[in-house]
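Have a look at the structure below, then the notes.
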Amino acid sequence: MKNQTEIIAEDGKQELFIMREFNAPRELVFKAFTDPELLVQWLGCDALTMKTERNAEGKGASWRDIFTDPDGNVFGFHGVCHEFMAPQLIIRTFEFEGLPEPGHVCLETLRFEVLPGDRTKISVQSVFQSVADRDGMLRSGMETGVFEAHDRLDALLAKEFVN
Amino acid sequence: MRRDVFQAIADPTRREIINLVAFNTMNLNAIAEKFDVSRPAISQHIKILTECGLIVIKKNGRERYCEAKLQQLNEVYKWIERYRKFWSERFDVLDDLLTTLQNKENNEKKARGENKSNIGE
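Each protein sequence line maps, in turn, to chains E and X.
Counted from 1, the first sequence has number 66 at position 66 by UniProt numbering; the numbering is strictly sequential.
Counted from 1, the second sequence has number 121 at position 121 by UniProt numbering; the numbering is strictly sequential.
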């Protein structure tokens, strides 16, 4: 059975949670989230080619992820790593560069928890500066086409499959 | 100023007003009585809600009634669902990558184990 991705974004709160289990040991899941070579293999896709700039790992290191869609639109995200405890915890800032003004920063806490049977649970808590920021960031993801790029790929694959 | 549904639900008093009128159309006085905040403050919240399109004010004689128009709230659920879909797709790809990495690791271990036994022979 496929592992389910759970999103909790309660009305009127300035935080959201992403939770997901993986059938792999914690060290490996942590590596897939932090090793630039592995990260681009799953976080990018055909519809959104991904590049990442992570020159260093650990406390104080800055990071930047850049996605490009087939039309050449670029979506950038960047932040600074505040805490880096391999393989269980990352605390970092996160900012979407596609917003009309800079400074809408979000604090992300990524926890990697060991489950029985060499499995791992990740939970990501994102705390925004305001409810409007949380909702606005996600909505702008739709407006700028971050999510649409995936939908276009879905449509393309569905078409290819039928043909 | 641009108004949208996200601004409307960002404030706890406005969320409560939405809950109050969601099932029953209410007049402005009746709504104001439910809150400790001043009448002008409630009027201001209702004004924002009407500007966001979540409430319409209807006149019946001298009374003014608030009626909820909640279809717009679906917009919020729509983006949460798309966001979930986005991560769900990425994580499914990660599942495959993790399987590949684990298989590779196991094969390497096996290969090393075989080499050892070869040396032993």
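Every residue gets a Cβ at the ideal spot worked out from N, C-alpha and C, and that includes glycine.
Query, Result
"Does S123 of chain E come out as helix, strand or coil in the three-state DSSP assignment?", "strand"
"With 16 other CB atoms within 10 Å as the buried threshold, where does V29 of chain E fall?", "buried"
"Does T100 of chain X come out as helix, strand or coil in the three-state DSSP assignment?", "helix"
"DSSP three-state call for V56 of chain X: helix, strand or coil?", "strand"
"Does any heavy atom of the ligand SAH sit closer than 7 Å to the C-beta of D95 of chain X?", "Inclusion of the ligand SAH in the displayed structure is not the case, the ligand content being empty and no account of it being possible."
"CA-CA distance, I18 of chain E and S62 of chain E?", "22 Å"
"In whole angstroms, what separates the C-alpha of T49 of chain E from that of G136 of chain E?", "24 Å"
"In the DSSP assignment, what are the bridge partners of F96 of chain E?", "E:F77"
"Can you tell me whether DSSP reads H82 of chain E as helix, strand or coil?", "strand"
"Got a sec? Which residues, its chain only, sit under 8 Å from N163 of chain E by beta carbon, not counting five neighbours each side?", "Residue placement at N163 of chain E is flagged as unreliable, the pLDDT there being 43, under the threshold of 50; the coordinate-derived value follows with that caveat. Closer than 8 Å at Cβ, skipping near neighbours: no residue."
"Using a Cβ-Cβ cut-off of less than 8 Å, list which residues of the region 84-110 of chain E approach chain X; keep chain order.", "none"
"What's the gap between the Cα of N3 of chain E and the Cα of N29 of chain X?", "51 Å"
"Answer with yes or no whether the minimum CB distance from N163 of chain E to chain X is below 8 Å.", "Caution applies to N163 of chain E, whose pLDDT of 43 falls short of 50 and renders its modelled position unreliable; the value that the coordinates give is listed next. No, because no Cβ of chain X sits closer than 8 Å to the Cβ of N163 of chain E."
"If you count every other CB in all the chains shown that lies within 10 Å of the CB of V56 of chain X, and 16 or more means buried, which is it?", "exposed"
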